[in-house]
Every structure is written in C-alpha cells, then in structure tokens.
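> Here the protein sequences line up with chains A and B, keeping their order. Taking the numbering used here, the leading residue of the first sequence gets 145, the next gets one more, and so forth. Taking the numbering used here, the leading residue of the second sequence gets 95, the next gets one more, and so forth.
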Amino acid sequence: MANREIIRIEGLEKVYDMGEVRVKALHGVDLTIEEGSYVAIMGASGSGKSTLLNILGCLDRPTAGKYYLGGEDVASMDDDQLSAFRGRTLGFVFQSYNLIQQLSVIENIFVPLFYQGLDLSDREKHCEDLADLVGLGDRTDHRPKQLSGGQQQRVAIARSLVNDPLLILADEPTGNLDSKTGLEILDLFDRLNQQGKTMILVTHGDEVAERAQRVVHMKDGVIDREDVKRAPVKVDNSKKLELTG
Amino acid sequence: MRLKTLIRIVQLGIKSLLLHKMRSGLTMLGIIFGVCSVIAMLAIGEGASYEAQEAIKKLGSSNIIIRSVKPPQEKSMSSAKRDYVNDYGLTYQDANSIRATIKNVDTVLPMRIIREEVRFNSIMFPVQVIGTHPIYPDMTGLEVVRGRFLTYTDERSRNNICVLTASLAEHLFPYENPVEQEVRMGADYFKVVGIVRETSIEKQRPQAGESEGATVDHNVYVPLSSAKARFGETIINRSAGSYQAEKVELHQITVRFTSTDAVQTAVPQIKTLLEKFHDTADYEVIVPIELLRQAEQTKRIFNIVLGSIAAISLIVGGIGIMNIMLATVTERTREIGIRRALGAKKHDIVTQFLVETVVLSIGGGLIGVVFGVVIPVIVSHLADMKTIVTPISVIIAFGISGAVGVVFGIYPASQAADLDPIEALRHE
Chain A
145 MANREIIRIE GLEKVYDMGE VRVKALHGVD LTIEEGSYVA IMGASGSGKS TLLNILGCLD
205 RPTAGKYYLG GEDVASMDDD QLSAFRGRTL GFVFQSYNLI QQLSVIENIF VPLFYQGLDL
265 SDREKHCEDL ADLVGLGDRT DHRPKQLSGG QQQRVAIARS LVNDPLLILA DEPTGNLDSK
325 TGLEILDLFD RLNQQGKTMI LVTHGDEVAE RAQRVVHMKD GVIDREDVKR APVKVDNSKK
385 LELTG
Chain B
95 MRLKTLIRIV QLGIKSLLLH KMRSGLTMLG IIFGVCSVIA MLAIGEGASY EAQEAIKKLG
155 SSNIIIRSVK PPQEKSMSSA KRDYVNDYGL TYQDANSIRA TIKNVDTVLP MRIIREEVRF
215 NSIMFPVQVI GTHPIYPDMT GLEVVRGRFL TYTDERSRNN ICVLTASLAE HLFPYENPVE
275 QEVRMGADYF KVVGIVRETS IEKQRPQAGE SEGATVDHNV YVPLSSAKAR FGETIINRSA
335 GSYQAEKVEL HQITVRFTST DAVQTAVPQI KTLLEKFHDT ADYEVIVPIE LLRQAEQTKR
395 IFNIVLGSIA AISLIVGGIG IMNIMLATVT ERTREIGIRR ALGAKKHDIV TQFLVETVVL
455 SIGGGLIGVV FGVVIPVIVS HLADMKTIVT PISVIIAFGI SGAVGVVFGI YPASQAADLD
515 PIEALRHE
C-alpha cells in the first residue's frame, strides 16, 4: 500500500514584480510527494529551486497554481494563517543554523511551540528528549555561541522536530560544515527519514543528493528531470522517534 | 493574551536587552533623566510654593494688613516743614476709624515697632520692641511657651512688662529662669512675664525704620500703651554725626474680618478711608487672600513650564529609544526572519519589540522615580529647602514614561513586523 500524499503542487508559477521588469521564477511546476519521502531538490543558481523551497515552506505564496500541504490549500491562506500553519506543520533546517543567540539550547528548541501559545514549563521534557535525540542532552543550558557549527545544526534539527511536523525542509544543511560534521548531520537525516519523517532537502552537493530516495532537478523554473531510487519508507505514526545506534 | 505568555515575552525582552547592557543602559538614561527631573523639580516647586502659601495663610485669609511706609525722600524734603522730623505713617486715628466705619470688622490690632537695645547685666542685644495688644498671639499664631502674654490690665496701667522670644531669652538668660527678671530697654526696666515662640511669619515682618542697618532677629513684646509712654512717638536715629528723627504712631494695623468674603468688599473701603487722612502714600495695604491667589496662579504657571520641560525631556528620551530600536531591528533582522519562519505572526513580532521598548522606558521610569524621590530629600538636607514629592507627580512621570515607550516603540516594531521573512532570513 502506497503512503498517503502530503504535498500536491499543480501548475505552480511564481512571478517577481520588480517594478518594470517581471521575473518569472517558476513556470508551472507539478509535484507530488508522499509521506516518508526523502527528496533532494537540485539545480543551478537561478533554476528556481530556492523559490520552490520558499513556497513549499509557506514563506511565499505562488502567483498561480495550486499547493496543497497535508490536504490544506496553502495558496489561499493569508499572512497570519500561513504563519500559524508553518508553526504547526513544518520544520526548518537552514544552512547557517539560524538559532536565536540570546536563547539557550532548550529555549531555541522550544521556539516553534512558543508561537503556538504553549508554555516551556509544560513542554520542557519534550524539548529535553529532542536535545537528547540529537546528542546534546548535556548542553541544554548552553548558548548557540558556545556550540560548534555541527552542534548548532543539531539544535536546529531538534527544533525542526519539536512541533512534530508533517515535513522537514532543509536548505543546504551541510553547506557551512566541514565534511565530517556534514556526514554526521546527513546520517541524522537518514535516521529521521527511516523513522518515517518526510524530508525535502535543497542542495548543490551530489553526495548529499545520493542519500535521498528521490532527486528532483530544477532548470529554468521547471522540473528538468527526476530520479526515483527507491520507494519511500513505510510510515508507522504510532512509533516514537528513536535515533540511537 | 494570556498572562503567562506575556510574562514569557517580557522575560524574553529583558534577556534581549541584557545582551547589550551598555546600550540598553544608555538608552534608558534619557527616560531616567526625564522622569527624575519631573519628580524632583515638581517636588522642589511644590515645597517652595507650599512654604509661600503657608506664610500667606499665617497672615490670615480673613485679614488685611496695613503697614506704614516711609514716603519717598524728595517728597518729604519738598514739603513745607523742614524740621528734620519725618512725620508719616498710620495713626491711632486710622485704627479707630477703621474699627468705627468698616463693616464686618472683627478685630483691629495696632502695632508699633521700635529699634532698641535690650540689656541684662552686661549682656546686650539689639531688638525690635513691638508694642501691641493682648490679642496679638491669636491673630498671628504666636505660641506662649512659658509665663503669659500681655494682658489688658498691662495695657491700661502701662505696665513695664515685656515678653521675650525664646531665642532671645536663651541668649539673655543662659543660666537663669527669665520670667520675673528685669531687663533694661532705653531708660527703663521691664519685667519679663513670658516667653513666646515665633512662627516663620514673624521673621518676615519688615524691620522698623525701613531696615536701616542690619536686620534684627530678636523681638520683645510690650503693651502698646507702655511703648508709647516709655519710648515716645519720635524715634531718633543717630549715625555718623548726623541724626534723623521719625515720628510714626503705628507701624502696622492688622484688621481681621468676620469672614473671608468680607475682605473683598472692605479693601476698597479701607483704601478710600485712608486716602482721606493721608496726603502722601505713606502706607501699604496687604491683602493675604489676594497674595494667596497670586501664589496659586504663579504655581500654576510654574507647573505648566515644568510640565513642558519634562515633556520635552521625555520626548527626547523617547526619540533615543526609537533610534536604538530602529538600529536593533536592522541588527536583528535575521532573528525576526527565523521567528517568522518558525510560526511567529506579525503581531507576535510587534509585541516582542514593543515589549522591549516598554521594558526600557518603564525600567528607566522606575530608576527615574527612585532618583526623583531621593534627590529632593538630598536637596532639602543640603539647601534647607522644603520639598514635597506628591504621589501624583510620581504617577504622572511614570505613566508618561510608559506611554513614551509605547508611542516611540510602535514605529520600530511595525518596521520589524513588516519585514519579508524570506528577505529577513537571507539578511547577513
């Protein structure tokens, strides 16, 4: 039995109106992604992959076309609805970690829940578990500045998991890391995917894309070609996340 | 918004501000100075006007005070009589006329003030001898601390008795009980029958002989009839080979009315009456209730001026806060982008930055209140000035500081919220 579909994109177009010039970044993209997928989006600069990622991440709205995430029509949401939707259904991992400097590790992990109106004291255990999961259980009081790049990225990954998202979006997650640390992060992604997490990763690196189950190549605002290497992992939502081993 | 969330946001704001302690502190200075100066200035102003008003109130709101004033010199020289005796001022006749013709008069208190020297054994002090009636303490708030004040018997029999002020008694009689002692003034001896403590208004009374020479701190009270009998009505000042004589019957007449309202109608009547008997303007009419109104008016103007200065300093403080917050928004663009990506709505960002400015301004306000309350205390200790910190000034200053935070925080906060999350995330 195939996994349920969580992303459906139909005829997605994005036009940037820069005063006199209108730049068409996406020319009709169609894409469906099932739960448990591990998708790498590749492409040269200007291919539209960043624009696609922004729309997938609900940070931007398409000019035309349809985008359903988890069955909800994202294209029709207003700014506040998009914000709330992001907070509920998405996890972000950025190239430059993007932790908030004045907050401790545990507080950084908690941020998405804070904007859902939750209280850290009620969810402290959950956040600590996630810190444990990414191997930073003993550093929950540290500030981002006191951590290495790899550790910061681990915090970011823990943060992306805190709201139990439908989808984790990673934008060049290993771009700022040395190759060894980068591999550790990719291993972590692999394990997350094996546990049934749906991942979309934007990258330049072939070695990063190799690990994905499916690679989408973008060119000039459309999907150029796709390689599907294997079927998405089976998803069992009843199981708790475990990353040991 | 729930209280818990608000507390979290405030904690977060404080944390962000503590990240740049120096900058936050300097930003708060504007508000600190503003609030502190409002409270301190108002306290000093309030104290000063309180003292002035108390002084006027002691003159009595239902009183009119008429004083003898030496007419301008050239006028008296050009007058026909060149007998070296300067004859001017209020008379017994004036006092009697007022008592007889003005309506609603309760009491008329005549007063003579003569410069003399008081001696006891070898101790001598320059004093003002005040000849007056026994009702004097009632009308001026003089407090008898030992013995008694003058009586009508003393007045009728022109007794050689006197009442000393407490400070004079201490100086004249360091070891003895002053009561029943005899002191010498001029050519006569006066028996001390009582000691009084003066309230501040007595010190403000103009000195006899139009303040010639040093002012005199000590007063001796004698019956008016005795003053007339022992010292006469012509007072001779000898100085540096020349001499000058003044003839003044009464130096001051205090008229007490039955009510405050009666004062208003009586003022023009008294002026008309006195004009009939006096060719020159050798008297002045003081109406305490009018002074009180003037003092209140002055205070109102003073408060408006202070309020404007305070408003300006608080606005300057607010601009300082806005300036820093705008810089902060630019500096924290990335953080704003992260928060937006992780689910923060625009109003969450507005709240966050607004809370920071309000924390800055209220923090500054609190410190300002502390300084504003402490500085007047120091001032009153060092400068011997009365200061009154009114709760309302604290509330107003503090309230305005909070309002400044909101008003000047809205623009930077909305700037922060309006950032495009994608742009903000890309910001270096």
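Ideal Cβ placement from N, Cα and C applies to all residues, glycine included.
Am I right that glutamine 246 of chain A and lysine 109 of chain B are in contact with their C-beta atoms under 8 Å? What's the rounded C-beta distance?
About 5 Å separates the two Cβ atoms, so the contact holds.
> Check whether the Cβ of glutamate 450 of chain B lies closer than 9 Å to any Cβ atom in chain A.
Not an interface residue.
> Got a sec? Which residues, its chain only, sit under 7 Å from asparagine 190 of chain B by beta carbon, not counting five neighbours each side?
None.
> Tell me the start and end of each unbroken beta strand (DSSP E) in the segment 336–416 of chain B that is at least 3 residues and wholly inside, in chain order.
Listed in chain order, they are 336–341, 346–351 and 377–380.
> Looking at glutamate 276 of chain B and phenylalanine 284 of chain B, is the spacing between their C-beta atoms short of 9 Å?
Their beta carbons are under 9 Å apart, which means phenylalanine 284 of chain B touches glutamate 276 of chain B by this criterion.
> Alpha carbon to alpha carbon, how far is threonine 99 of chain B from valine 167 of chain A?
Distance between the alpha carbons of threonine 99 of chain B and valine 167 of chain A: 42 Å.
> Smallest Cα separation from leucine 519 of chain B: which of A/Val360, A/Val359, A/Gly201 and A/Asp350?
The shortest Cα separation from leucine 519 of chain B among A/Val360, A/Val359, A/Gly201 and A/Asp350 belongs to A/Gly201.
> Taking the continuous beta strand (DSSP E) assigned at arginine 525 of chain B, which residues delimit it?
Residue 525 of chain B lies beyond the stretch modelled for chain B, which goes from 95 to 522, so this question has no answer here.
> Would you report the Cα separation of valine 501 of chain B and serine 118 of chain B, rounded to the nearest angstrom?
Rounded to whole angstroms, valine 501 of chain B to serine 118 of chain B spans 18 Å at the Cα level.
> Would DSSP call glutamate 241 of chain A helix, strand or coil?
Correcting the residue type first, residue 241 of chain A is tyrosine in the shown sequence and not glutamate. Coil at tyrosine 241 of chain A, not helix or strand.
> Run through DSSP, which three-state label would valine 316 of chain B get?
If DSSP states are grouped into helix, strand and coil, valine 316 of chain B belongs with the strands.
> Hey, how far is the Cα of isoleucine 101 of chain B from the Cα of glutamate 450 of chain B?
Isoleucine 101 of chain B and glutamate 450 of chain B: Cα-Cα distance of roughly 12 Å.
> If the cut is a Cβ gap below 7 Å, which residues of chain B does arginine 355 of chain A touch?
What arginine 355 of chain A touches in chain B: nothing, since even the nearest Cβ is about 24 Å away.
> Could I get the ranges of all uninterrupted alpha helix (DSSP H) runs contained in the segment 187–249 of chain B, with 4 residues as the minimum, in chain order?
Counting whole runs of 4 or more residues, the segment 187–249 of chain B contains the alpha helix (DSSP H) stretches 230–234.
> Please name the residue in B/Thr422, B/Phe127, B/Leu113 and B/Met135 whose C-alpha comes closest to that of serine 474 of chain B.
With distances taken between Cα atoms, serine 474 of chain B lies closest to B/Met135.
> Look at the alpha carbon of isoleucine 494 of chain B and the alpha carbon of leucine 408 of chain B, and state the distance between them as a whole number of angstroms.
Distance between the alpha carbons of isoleucine 494 of chain B and leucine 408 of chain B is about 8 Å.
> Comparing C-alpha positions only, which one of A/Gly281, A/Cys271 and A/Ala188 sits nearest to glutamate 316 of chain A?
The candidate whose alpha carbon is nearest that of glutamate 316 of chain A is A/Ala188.
> Bridge partners for histidine 441 of chain B per DSSP, in chain order?
The partner list for histidine 441 of chain B (beta bridge, DSSP) is empty, contrary to what the question assumes.
> Since cysteine 256 of chain B and tyrosine 315 of chain B should fall inside the 8 Å C-beta cutoff, what is the C-beta to C-beta distance between them, to a whole number of angstroms?
Contact holds; Cβ gap of about 6 Å.
> Are at least three pairs of beta-carbons, each pair with one atom in the segment 211–220 of chain A and one in the segment 429–439 of chain B, less than 8 Å apart?
The segment 211–220 of chain A vs the segment 429–439 of chain B: no contact.
> Check whether chain B comes within 9 Å of isoleucine 244 of chain A, counting only Cβ atoms and requiring the distance to be less than that.
So yes, isoleucine 244 of chain A belongs to the interface.
> What does the alpha-carbon distance come out to for the pair lysine 152 of chain B and glutamine 391 of chain B?
Using only the alpha carbons, I get a separation of about 19 Å.
> I need the DSSP call for cysteine 202 of chain A, collapsed to helix, strand or coil.
Coil.
> Distance cutoff 9 Å, beta carbons only. Does glutamate 429 of chain B sit that close to anything in chain A?
It does; some Cβ of chain A falls within 9 Å.
> Relative to chain A, which residues along the segment 103–135 of chain B have a C-beta separation below 7 Å, given in chain order?
Residues Lys109, Ser110 and Leu113.
> Just checking my contact of methionine 479 of chain B with alanine 149 of chain B at CB under 8 Å: how many whole Å lie between their CB atoms?
Not confirmed; about 14 Å, so no contact.
> Going by C-alpha to C-alpha distance, which of B/Gly401, B/Phe396 and B/Gln358 sits closest to isoleucine 78 of chain B?
Lying outside 95 to 522, the shown extent of chain B, residue 78 of chain B is not represented and no answer is given.
> Using a C-beta cutoff of 9 Å, does glycine 201 of chain A count as contacting chain B?
Yes, because at least one Cβ of chain B sits closer than 9 Å to the Cβ of glycine 201 of chain A.
> Just the C-alpha distance for phenylalanine 267 of chain B and alanine 404 of chain B, rounded to the nearest angstrom, thanks.
Rounded to the nearest angstrom, the two C-alpha atoms are 53 Å apart.
> Counting only Cβ pairs nearer than 8 Å, list the residues of chain B close to proline 123 of chain A.
Since the first and last residues shown for chain A are 145 and 389, residue 123 of chain A lies out of range.
> Which residues bound the beta strand (DSSP E) around arginine 267 of chain A?
Run containing arginine 267 of chain A: none in the beta strand (DSSP E); it sits in the alpha helix (DSSP H), 264–277.
> Return the CA-CA distance between glutamine 297 of chain A and valine 471 of chain B, expressed in angstroms with no decimal places.
Taking the straight line joining both Cα atoms gives about 56 Å.
> Identify the continuous beta strand (DSSP E) that holds aspartate 223 of chain A and give its terminal residues.
Per DSSP, aspartate 223 of chain A belongs to no beta strand (DSSP E); it is in the alpha helix (DSSP H), 223–233.
> Does the Cβ of serine 402 of chain B have 16 or more other Cβ atoms within 10 Å, making it buried, or fewer, making it exposed?
By the neighbour-count rule (16 or more Cβ atoms within 10 Å), serine 402 of chain B is not buried but exposed.
> Tell me where the beta strand (DSSP E) around serine 162 of chain B begins and ends.
That run of the beta strand (DSSP E) goes 157–162.
> Give every residue of the same chain whose Cβ lies closer than 6 Å to the Cβ of glutamate 149 of chain A, excluding the five residues on either side of it in the sequence, and list them in chain order.
Within the same chain, glutamate 149 of chain A has close Cβ partners Thr176 and Glu178.
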